[in-house]
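Colleague: Structure incoming, see below.
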Amino acid sequence: MTDLNKLTLAGARDKLRAKEITSVELTEACLAEIEKSGELNAFVHNTPEGALSQAKAADARLAQGDAPAMTGLPIGIKDLFCTKGVPTQAASGILKGFVPEYESTVSQNLFDNGAVMLGKLNMDEFAMGSSNETSVYGNAVNPWRRGNDDAPLTPGGSSGGSAAAVAADLCLAATGTDTGGSIRQPAAFTGTVGIKPTYGRCSRWGVVAFASSLDQAGPMTKTVRDAAIMLEAMAGHDAKDSTSADLAVPNFEAMLTGDIKGKKIGIPKEYHMDGMPEEIEKLWQNGTDMLKAAGAEIVDISLPHTKYALPAYYVIAPAEASSNLARYDGVRYGHRATLAQGDGITEMYEKTRAEGFGHEVKNRVMIGTYVLSAGFYDAYYNRARRVRALIKKDFDDVFASGVDAILTPATPSAAFGLGEMNDADPVKMYLNDVFTVTVNLAGLPGISVPTGTDAQGLPLGLQLIGRPWEEGDLLNTAYALENAAGFVAKPNKWW
Amino acid sequence: MSIDKDTAARVAKLARIKVEEDALPALAQEFNTILGFIEQLNEVDVEGVEPMTSVTPQRLKRRVDEITDGDQQEKVLSNAPDAREGFFAVPKVVE
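These protein sequence lines are chains A and B, in that order. Per my numbering, residue 9 is the first one in the first sequence, and the count goes up by one each step. Per my numbering, residue 352 is the first one in the second sequence, and the count goes up by one each step.
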């Protein structure tokens, strides 16, 4: 059988269990594709030997009949997850050469579940970015192109390498992380599925921290079913993360019935943004019609503080980042600047951080430092946290009124060209996350599902937002939307 | 509120990031763009609203205060740019 790399997680799992294929064959097929994918710059640290040894172990497990859902399935891991013995840089120069002595809980959960790691995936530096253009490894490239135009497009960010790798069938699925939209926006830009679970569903232990009150890990997959399978394997309580929820993880896949009759789907009026392309409005309307046709009840809702989500985010996230990134001091790990005669410890910190961090990261750390500094803490940071409370209350009120899920666009546009936003001010780039960032601020689960293409053939996605801890119900609504949309387009292979 | 060159230099110092003198005006300009965007928050009536501390209404779990890990000196030091005789080495801190 050829093209094993194109299988879904569910498809490959069934073939492995039926002994039609082996994990070694499957893994070799992915490794061969990764070898040929240099132009996508998705995989940045390859681990073929480790992958094959995990695959052999998986085949042995399968032979013994001890095979949890992910057994033998080859995936990519975002460079933000610490992986024992494998370089982990968060796509930053300051972590060059860092090789963790420990494994992140999420990757460990996946390995315990039998998954095979093919390597580490490109991303924006410290997950700060929406286009994968802030990476020390260089840009990841979207496998999709505009018609016959060969201009390289962004796969989105920050989980750009994960999205590109899954869309290009280099791996069956990948891990991502999402602080303001970093799973859902790249998924929408690449025609893949990405879910950010409820805050606390996945352990943050061993995931390089960006903004700890917003960061969540989640799967990036080819289908909603795969997202259900992989999320279940990633999630669960972890004593090593005090914000991890001590709740049972349901069998998400078993909840995919596709039946959404009687479900109440909210359409928030504030998400009709000025200047939104007509294609996005149409995509949203089509999605609404599909859910209605599937038996859902559509209701208009209001989330009045939506407009203030991005500015609140750009206080809270940099504030937390400035604190989290204080640890990169050139003492315990990573890069240390070469010092001049007479330089003391302060010069060491300042030079190390100036050399090790990229432009966007430095700016966010300094903005965060400013909003937390004496005299501004109340005016910026505390005000932003108050606004955050109001944003969450908007959602609480809507869910209290009986709404089961909220449907919105995932992004305000299709994938844009790499370099196209270079001259724009940073705020323009931030607008990419306008529909996704509210969900992080409110700690809710959100999923991006590909439902159509734009006039140039680029994929577009819709976002569904669910009640806290009800990822199963959310995935089922997403499954119904996926079934109705029937999105099957794939990028033409040029790499 | 507008950030000038001196404020930019002060923030860079607080963040322990070296910024060359000639880069400060552009940095101040970028700060002002972002802070201008953030200013919108002043439109919101936040009277009587508590700043959010935890997005999920959970009480942090408690655990027994006991040693559960240790004796990993080699691993702890394995990624240090400069480790000597079982310690992290840094430039002289105290005269």
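A virtual CB, placed ideally from N, CA and C, is assigned to each residue, including glycine. Nothing here was measured: the structure is a model prediction, and the numbers come from that model.
Enumerate in chain order the residues of its own chain whose CB-to-CB distance from A/R396 is below 6 Å, with the five nearest sequence positions on each side excluded.
Modeller: Along the first sequence, read from residue 1 onward, the residue named residue 396 of chain A stands at position 388. Closer than 6 Å at the Cβ level, and outside the excluded window around A/R396, lie A320, L449.
Colleague: Ends of the beta strand (DSSP E) at A/I455?
Modeller: Locating residue 455 of chain A in the first sequence gives position 447, counting from the first residue. Counting along the chain, the beta strand (DSSP E) containing A/I455 begins and ends at 454-461.
Colleague: For A/G451, which residues of its own chain have a beta-carbon under 8 Å away from its beta-carbon, when the five flanking residues on both sides are left out?
Modeller: Position 443 of the first sequence, counted from the first residue, corresponds to residue 451 of chain A. Cβ neighbours of A/G451 beyond the five flanking positions: T206, Y207, G208, K400, P476.
Colleague: Which class does A/N332 belong to by DSSP, given the choice of helix, strand or coil?
Modeller: If you number the first sequence from 1, residue 332 of chain A lands on position 324. Correct three-state label for A/N332: helix.
Colleague: Roughly how many angstroms lie between the CA atoms of A/R344 and A/G350, to the nearest whole one?
Modeller: Within the first sequence, residue 344 of chain A is the residue found at index 336, counting from 1. Within the first sequence, residue 350 of chain A is the residue found at index 342, counting from 1. Going by the C-alpha atoms only, they are around 16 Å apart.
Colleague: Would you report the Cα separation of A/G283 and A/T16, rounded to the nearest angstrom?
Modeller: As a position in the first sequence, residue 283 of chain A is number 275, starting the count at 1. As a position in the first sequence, residue 16 of chain A is number 8, starting the count at 1. The straight-line gap from Cα to Cα measures roughly 37 Å.
Colleague: Interface residues of chain A around B/I385 at Cβ under 8 Å?
Modeller: Position 34 of the second sequence, counted from the start, is the residue given in the question as residue 385 of chain B. Under the 8 Å cutoff, chain A gives Y322, N371, I375, P434, V435.
Colleague: By the 7 Å beta-carbon criterion, what residues does the segment 373-405 of chain B contribute toward chain A?
Modeller: So the close ones are E381, F382, T384, I385, F388, I389, Q391, L392, V395, V397, V400, E401, P402, M403.
Colleague: Can you tell me where the beta strand (DSSP E) with A/V447 in it begins and where it stops?
Modeller: Here residue 447 of chain A is taken as the residue at index 439 of the first sequence, counted from 1. Run containing A/V447: none in the beta strand (DSSP E); it sits in the alpha helix (DSSP H), 445-449.
Colleague: Please confirm if B/Q409 has its CB atom under 8 Å from at least one CB of chain A.
Modeller: To locate residue 409 of chain B, count along the second sequence from 1; it is residue 58. Chain A, which has a Cβ nearer than 8 Å to the Cβ of B/Q409, makes this yes.
Colleague: If we ignore side chains and look at the alpha-carbon of each, how far apart do A/G506 and A/A413 end up?
Modeller: Outside the modelled stretch of chain A, which goes from 9 to 503, sits residue 506 of chain A, for which no answer is possible.
Colleague: Could you give the first and the last residue of the continuous alpha helix (DSSP H) run that contains A/M78?
Modeller: Residue numbering aside, residue 78 of chain A sits at position 70 when the first sequence is read from its first letter. Where A/M78 is concerned, there is no enclosing alpha helix (DSSP H), given that its DSSP letter is neither H nor E.
Colleague: Could you tell me how far apart the beta carbons of A/L39 and A/G84 are, in whole angstroms, since I believe they sit closer than 8 Å?
Modeller: As a working note, residue 39 of chain A is residue 31 in the first sequence. As a working note, residue 84 of chain A is residue 76 in the first sequence. At roughly 11 Å, the Cβ-Cβ gap does not stay under 8 Å, so A/L39 and A/G84 are not in contact.
Colleague: Examine chain A for any beta-carbon lying closer than 8 Å to the beta-carbon of B/V362, and answer yes or no.
Modeller: Taking the first residue of the second sequence as 1, we reach residue 362 of chain B at position 11. Output row for B/V362: interface = yes.
Colleague: Hey, is A/D481 close to the ligand SAM, as in C-beta under 7 Å from one of its heavy atoms?
Modeller: What this structure holds is no ligand at all, so the ligand SAM is not there to describe.
Colleague: Would the beta-carbon of A/S221 fall within 8 Å of that of B/V406?
Modeller: For the purposes of this step, residue 221 of chain A is taken as the residue at position 213 of the first sequence. For the purposes of this step, residue 406 of chain B is taken as the residue at position 55 of the second sequence. Contact flag set, yes.
Colleague: Beta-carbon of B/S429 versus every beta-carbon of chain A: anything under 8 Å?
Modeller: Here residue 429 of chain B is taken as the residue at index 78 of the second sequence, counted from 1. Yes, B/S429 lies at the interface with chain A (some Cβ there is under 8 Å from its Cβ).
Colleague: Does any residue of chain A have a CB that is nearer than 8 Å to the CB of B/F439?
Modeller: By 1-based counting over the second sequence, the position of residue 439 of chain B is 88. Cβ-Cβ to chain A under 8 Å: yes for B/F439.
Colleague: Closer than 8 Å is the cut-off here; do at least three beta carbon pairs connect the segment 159-175 of chain A with the segment 133-151 of chain A?
Modeller: Yes, the segment 159-175 of chain A is in contact with the segment 133-151 of chain A.
Colleague: Note down, in chain order, all residues in the segment 389-409 of chain A with a beta-carbon under 7 Å from any beta-carbon belonging to chain B.
Modeller: Residues passing the 7 Å Cβ filter: N390, R391, A392, R393, R394, V395, R396, A397, L398, K400.
Colleague: Quick check: the Cα distance between A/A176 and A/L12, rounded to an integer number of angstroms?
Modeller: For the purposes of this step, residue 176 of chain A is identified with residue 168 of the first sequence, where counting begins at 1. For the purposes of this step, residue 12 of chain A is identified with residue 4 of the first sequence, where counting begins at 1. Straight-line Cα distance between these residues: approximately 13 Å.
Colleague: Pick helix, strand or coil for A/T183, following the three-state DSSP scheme.
Modeller: By one-based count along the first sequence, residue 183 of chain A stands at place 175. Reduced to three states, the DSSP call for A/T183 is strand.
Colleague: For A/H53, decide whether its Cβ has a neighbour in chain B, counting only Cβ atoms nearer than 8 Å.
Modeller: By 1-based counting over the first sequence, the position of residue 53 of chain A is 45. False, the Cβ-Cβ gap to chain B never drops below 8 Å.
Colleague: I'd like to know whether the C-beta of B/I368 is nearer than 8 Å to at least one C-beta of chain A.
Modeller: The residue you call residue 368 of chain B lines up with position 17 of the second sequence. With 8 Å as the cut-off, B/I368 counts as an interface residue toward chain A.
Colleague: Residue range of the alpha helix (DSSP H) that A/K269 falls in?
Modeller: Locating residue 269 of chain A in the first sequence gives position 261, where the first residue counts as 1. Where A/K269 is concerned, there is no enclosing alpha helix (DSSP H), given that its DSSP letter is neither H nor E.
Colleague: Would you decide whether B/F438 is buried or exposed? Buried here means 16 or more other CB atoms lie within 10 Å of its CB.
Modeller: Position 87 of the second sequence holds residue 438 of chain B. That one is exposed.
Colleague: A/N117 and A/M242 - do their beta-carbons sit closer together than 8 Å?
Modeller: Numbered from its first residue, the first sequence carries residue 242 of chain A at position 234. Numbered from its first residue, the first sequence carries residue 117 of chain A at position 109. Contact: yes.
Colleague: Let me see if you follow: with CB-CB separation under 8 Å, is B/D433 close to chain A or not?
Modeller: Residue 433 of chain B sits at position 82 when you count from the first residue of the second sequence. B/D433 counts as touching chain A.
Colleague: What are the start and end residues of the alpha helix (DSSP H) that includes A/D67?
Modeller: Sequence index remark: in the first sequence, residue 67 of chain A carries index 59 (1-based). Taken as a continuous stretch (DSSP letters only), the alpha helix (DSSP H) holding A/D67 covers 56-72.
Colleague: Indicate whether at least one CB of chain A lies closer than 8 Å to the CB of B/K356.
Modeller: On the second sequence, residue 356 of chain B is found 5 positions in, with the first residue counted as 1. With 8 Å as the cut-off, B/K356 does not count as an interface residue toward chain A.
Colleague: What residues of chain B sit near A/P319, judged by a beta carbon separation below 9 Å?
Modeller: As a first step, residue 319 of chain A is located in the first sequence; it is residue number 311 there, counting from the start. Under the 9 Å cutoff, chain B gives F388, I389, E390, Q391, L392.
Colleague: Could you give the DSSP three-state label for B/R413: helix, strand or coil?
Modeller: The residue labelled residue 413 of chain B in the question sits at position 62 within the second sequence. Here B/R413 sits in coil by DSSP.
Colleague: What in chain A is Cβ-close to B/V444, meaning under 8 Å?
Modeller: In the second sequence, residue 444 of chain B corresponds to position 93, counting from 1. Chain A residues near B/V444: G352, I353.
Colleague: Mind pulling the chain B residues with CB within less than 8 Å of A/P476?
Modeller: Locating residue 476 of chain A in the first sequence gives position 468, counting from the first residue. In chain order: T407.
Colleague: Mind listing the chain B neighbours of A/W451? Cutoff is C-beta to C-beta under 8 Å, in chain order.
Modeller: Here residue 451 of chain A refers to the residue found at position 443 of the first sequence. This sequence places Gly at residue 451 of chain A; Trp is not what is there. Correct list: V406, T407.
Colleague: How about B/K412 and A/D254: are their beta carbons less than 8 Å apart?
Modeller: By one-based count along the second sequence, residue 412 of chain B stands at place 61. By one-based count along the first sequence, residue 254 of chain A stands at place 246. Taking 8 Å as the Cβ cut-off, B/K412 and A/D254 qualify as a contacting pair.
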